[in-house]
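Protein chains in written order, with full-length UniProt numbering: chain A, 1 to 307; chain B, 1 to 289. Every residue gets a Cβ at the ideal spot worked out from N, C-alpha and C, and that includes glycine.
Structure representation (structure tokens):
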């Protein structure tokens, strides 16, 4: 998995599975089969332990958010299933902070980040992959170097830049620093590198412009990688906390993550309401994730293993 | 290559170059310059040489933050290299329903650190679920102050970091495990090697470079810790700020009206040298392989 072509990157972990080391039964024969069944039972037992450990905390928070005011949430033993489930806590979040406005801000920021990363990332990736020009290697290394600079290192200076551009306390100020990331550019470049030359040559014979070849020929062929870039930039923007916390001042402009922290820090010690707030930030994203999960696993494989 | 003007590629690159220059390369250069000045948030500042770095040496809060961050790295990295591998071994085999388990194990990765921090705050507070479970199992007699003791808060935050990272590195390992040749395992099994033996002598050597990669990624991630400590301490950095991390300190010093951007930039540079130092060590090690 160390070379960087999109054809191999379009293969999922699943696809490479059949020849996998752990996939075989130990061997045929009755005693071993019995051991295989016991092994399988043990495997499922451990999977369930993992489920409780990794999903349990979210379920417990969800349960808290649904518990009515007459229920004691500190009851011992703790009750996972609410006795009197209610959506009242969600209404109460909205009474305490403008949570739907925060959600709207988050949505705007995340959609904008996904759009700009796809558009600018693929434009830059296309130039790096399909065009020959003086300075190409330098541009490639420049984008690569942005990936080595952690945001935390430059946040003070980025804030000064945002301030001098008048971007403090605006959603544009939240979006612009991550409007196109080195990772998006490199993923798109790898996808474009893998396209066959003939596709382009046929289009050149038809007398198309470079932009038309990019937009009508190359872009439709890299939809898989585009969706990975879109999903990951959406998710990072929706989840980001540090930069919105720095750049946003007026609570009306808060994104959900900053707003939920603000809710729990300043406004209420009512755990039901805080839990409802966290669910408003969590559920849309989990829904997105579970419907598009195969892209997530592909994206991690490309982003990390390909290094 | 017909009909293209010399500037066409640059038009394609322009938006990305503009953003990278404005929000990454430029601020990085600015950080490197500011680190040697006494600049303040409201302007001014002139060259002061190594004064910021000398001040850092005598700044107890800096050393506290540095020590907490180093402890964070030392505790989290070994856990993040080993535990996700065990998780990957657990989910690698195609059994019915495995896709569901993989997705669930990955879900903390998808969630925001703020959400995860608040979820665990609710679990770890003195009358929370974790204390109840530990007390009813009679492991402890009274509730542990997971969130109100400076050291325990730091360890609770580490736990949350590891918990959230498990799924991410699990998928990284899954991709690597898929490349372990099954033939080697079969041959070794015929020679009578058990599962544990085969794990150590076939699987581990094959995925060594991935383990190294996970190691360096988790070093970089742990060195930048901020949100989990911020959220779990309700923005305070622990009692008396005793649990704060280096990024926490940089933000405190450098931002706001009284911000000392020069001094904060110097600390940022130290953070950068630490993380890049580890990256370089990694690239060296993986090339020598």
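Could you tell me the boundaries of the alpha helix (DSSP H) in which residue i lies?
{"i": "residue 233 (chain B)", "result": "Segment: none, residue 233 (chain B) is in no alpha helix (DSSP H) and carries neither H nor E."}
{"i": "residue 159 (chain A)", "result": "151-164"}
{"i": "residue 294 (chain A)", "result": "293-300"}
{"i": "residue 151 (chain B)", "result": "150-177"}
{"i": "residue 262 (chain A)", "result": "256-262"}
{"i": "residue 246 (chain A)", "result": "242-247"}
{"i": "residue 182 (chain A)", "result": "182-193"}
{"i": "residue 145 (chain A)", "result": "136-148"}
{"i": "residue 93 (chain A)", "result": "88-96"}
{"i": "residue 231 (chain A)", "result": "223-239"}
{"i": "residue 116 (chain A)", "result": "99-130"}
{"i": "residue 16 (chain B)", "result": "8-20"}
{"i": "residue 117 (chain B)", "result": "113-124"}
{"i": "residue 132 (chain B)", "result": "129-136"}
{"i": "residue 5 (chain B)", "result": "No alpha helix (DSSP H) holds residue 5 (chain B); DSSP gives it neither H nor E."}
{"i": "residue 197 (chain A)", "result": "197-205"}
{"i": "residue 173 (chain A)", "result": "171-175"}
Just to confirm my understanding: we take residue i, look at its own chain, exclude 5 residues before and 5 after, and list those with CB closer than 8 angstroms. What are they?
{"i": "residue 105 (chain B)", "result": "87, 91, 166, 167, 170"}
{"i": "residue 261 (chain A)", "result": "241, 245"}
{"i": "residue 146 (chain A)", "result": "181, 182"}
{"i": "residue 21 (chain A)", "result": "Note that residue 21 (chain A) scores a pLDDT of 47, beneath 50, so its modelled location is shaky and nothing firm can be said."}
{"i": "residue 175 (chain A)", "result": "109, 112, 113, 116, 237"}
{"i": "residue 261 (chain B)", "result": "34, 39, 40, 41, 45, 254"}
Using a Cβ-Cβ cutoff of less than 7 angstroms, which residues in the same chain neighbour residue i once the five nearest sequence positions on both sides are dropped?
{"i": "residue 171 (chain A)", "result": "105, 108, 109, 253"}
{"i": "residue 7 (chain A)", "result": "Summary for residue 7 (chain A): the model assigns pLDDT 38, below 50, so the residue's position carries little reliability; its value from the coordinates is reported in the next sentence. If we look at residue 7 (chain A) and ignore the five residues flanking it on each side, its Cβ neighbours are 194."}
{"i": "residue 274 (chain A)", "result": "263, 264, 268"}
{"i": "residue 121 (chain A)", "result": "180, 184, 185, 188, 229"}
{"i": "residue 55 (chain B)", "result": "263"}
{"i": "residue 62 (chain B)", "result": "56, 249, 267"}
{"i": "residue 118 (chain B)", "result": "231"}
{"i": "residue 70 (chain A)", "result": "84"}
{"i": "residue 72 (chain A)", "result": "none"}
{"i": "residue 210 (chain B)", "result": "172, 173, 176"}
{"i": "residue 237 (chain B)", "result": "229, 243, 244, 248"}
{"i": "residue 129 (chain A)", "result": "189, 192, 193"}
Which whole-angstrom value describes the C-beta separation of residue i and residue j, a residue pair presumed to lie in contact below a C-beta threshold of 8 angstroms?
{"i": "residue 280 (chain A)", "j": "residue 103 (chain A)", "result": "6 angstroms"}
{"i": "residue 113 (chain A)", "j": "residue 287 (chain A)", "result": "Incorrect: roughly 19 angstroms between the Cβ atoms, too far for contact."}
{"i": "residue 28 (chain B)", "j": "residue 154 (chain A)", "result": "5 angstroms"}
{"i": "residue 155 (chain B)", "j": "residue 177 (chain A)", "result": "No, residue 155 (chain B) and residue 177 (chain A) are not in contact; Cβ-Cβ is about 32 angstroms, not under 8 angstroms."}
{"i": "residue 227 (chain B)", "j": "residue 114 (chain B)", "result": "6 angstroms"}
{"i": "residue 103 (chain B)", "j": "residue 290 (chain A)", "result": "6 angstroms"}
{"i": "residue 156 (chain A)", "j": "residue 275 (chain B)", "result": "Not quite, the Cβ-Cβ distance comes to about 16 angstroms (not below 8 angstroms), so this is no contact."}
{"i": "residue 223 (chain B)", "j": "residue 82 (chain B)", "result": "Contact flag wrong, Cβ pair sits at about 19 angstroms."}
{"i": "residue 12 (chain B)", "j": "residue 138 (chain A)", "result": "The pair is not a contact, with the Cβ atoms about 15 angstroms apart (cut-off 8 angstroms)."}
{"i": "residue 229 (chain B)", "j": "residue 244 (chain B)", "result": "7 angstroms"}
{"i": "residue 91 (chain A)", "j": "residue 100 (chain A)", "result": "The Cβ separation is near 11 angstroms, so there is no contact."}
{"i": "residue 225 (chain A)", "j": "residue 191 (chain A)", "result": "4 angstroms"}
{"i": "residue 126 (chain A)", "j": "residue 214 (chain A)", "result": "5 angstroms"}
{"i": "residue 180 (chain B)", "j": "residue 216 (chain B)", "result": "Rounded, the Cβ-Cβ distance is 21 angstroms, inconsistent with contact."}
{"i": "residue 257 (chain B)", "j": "residue 41 (chain B)", "result": "6 angstroms"}
Which same chain residues end up closer than 6 angstroms to residue i when comparing Cβ atoms and leaving out the 5 residues on each side of it in sequence?
{"i": "residue 66 (chain A)", "result": "82, 85"}
{"i": "residue 218 (chain B)", "result": "77, 80"}
{"i": "residue 271 (chain B)", "result": "246"}
{"i": "residue 198 (chain B)", "result": "185, 188"}
{"i": "residue 257 (chain A)", "result": "241"}
{"i": "residue 121 (chain B)", "result": "232"}
{"i": "residue 159 (chain A)", "result": "246"}
{"i": "residue 143 (chain B)", "result": "126, 131"}
{"i": "residue 89 (chain A)", "result": "65, 272, 273, 276"}
Pull out every residue of the region 253-272 of chain A whose Cβ sits closer than 7 angstroms to any Cβ of chain B, in chain order. Under the 7 angstroms Cβ criterion, the region 253-272 of chain A contributes 257, 260, 261, 264, 265, 271.
Please list, in chain order, the residues of the region 73-84 of chain A that have any C-beta partner in chain B closer than 7 angstroms. Under the 7 angstroms Cβ criterion, the region 73-84 of chain A contributes 74, 76, 78.
Can you give me, in chain order, the residues of the region 17-32 of chain B that have a beta carbon less than 8 angstroms from any beta carbon in chain A? Correct list: 17, 19, 20, 22, 23, 24, 25, 26, 27, 28, 30, 31.
If you measure beta-carbon to beta-carbon, which residues of the region 222-249 of chain B are closer than 7 angstroms to chain A? Only 224, 226, 227, 231, 234, 235, 247 from the region 222-249 of chain B bring a Cβ to less than 7 angstroms from some Cβ of chain A.
Runs of 4 residues minimum, wholly inside the region 178-260 of chain B: which ones carry the alpha helix (DSSP H) assignment? Segments of the alpha helix (DSSP H) lying fully in the region 178-260 of chain B: 182-190, 195-198, 208-223, 227-232, 246-254.
To be precise: take each residue of the region 103-119 of chain B, compare its Cβ to all Cβ atoms of chain A, and keep it if any distance is under 7 angstroms. Which residues remain? Hits within the stretch, in order: 103, 104, 105, 106, 107, 108, 110, 111, 112, 113, 114, 115, 118, 119.
Which runs of the alpha helix (DSSP H) spanning at least 4 residues fall entirely within the region 29-83 of chain A, listed in chain order? Those alpha helix (DSSP H) runs which fall completely within the region 29-83 of chain A and span 4+ residues are 30-65.
Can you give, in chain order, each stretch of the alpha helix (DSSP H) that sits fully within the region 35-99 of chain B and has at least 4 residues? Whole alpha helix (DSSP H) segments, 4+ residues: 51-58, 60-91.
Listed in chain order, which residues of the region 75-86 of chain B have Cβ atoms closer than 8 angstroms to some Cβ of chain A? So nothing in the stretch comes that close.
Tell me which residues of the region 249-268 of chain B have at least one Cβ-Cβ distance to chain A shorter than 8 angstroms, keeping chain order. Residues passing the 8 angstroms Cβ filter: 250, 251, 254, 255, 259, 261, 264, 265, 268.
Members of the region 209-243 of chain A near chain B, C-beta cut-off 9 angstroms: Within the region 209-243 of chain A, the residues whose Cβ lies closer than 9 angstroms to any Cβ of chain B are, in chain order, 209, 210, 211, 214, 235, 238, 239, 240, 241, 242.
What residues in the region 125-145 of chain B bring their beta carbon closer than 7 angstroms to a beta carbon of chain A? Under the 7 angstroms Cβ criterion, the region 125-145 of chain B contributes 127, 129, 132.
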